[in-house]
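Since the structure comes first, as structure tokens, the remarks are kept for the end.
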Amino acid sequence: MCGADFRFDRAFMAWIGDGAAKSLGEVADERRRRHADTSPSA
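Numbering (our numbering), first residue to last: 42 to 83.
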């Protein structure tokens, strides 16, 4: 789902590193949620 245009942004990196335990799935879901409005339509 990320593709070649995937980039980390500072806010997302801060969320990942905030100290709360997260699964890879939670990180992927959050990335998808944050970038839903910028994703190209399929």
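No residue lacks a Cβ here, since even glycine has one placed at the ideal position from N, Cα and C.
Owing to the predicted nature of the structure, the values given are computational and were not obtained by experimental measurement.
C-alpha of S64 to C-alpha of D46: approximately 23 Å in a straight line. Taking a C-beta distance under 8 Å as the contact criterion, R75 and F49 do not qualify as a contact pair.
In this structure, DSSP gives D70 a helical state, which the three-state scheme calls helix.
Taken through DSSP and simplified to helix, strand or coil, F47 comes out as coil.
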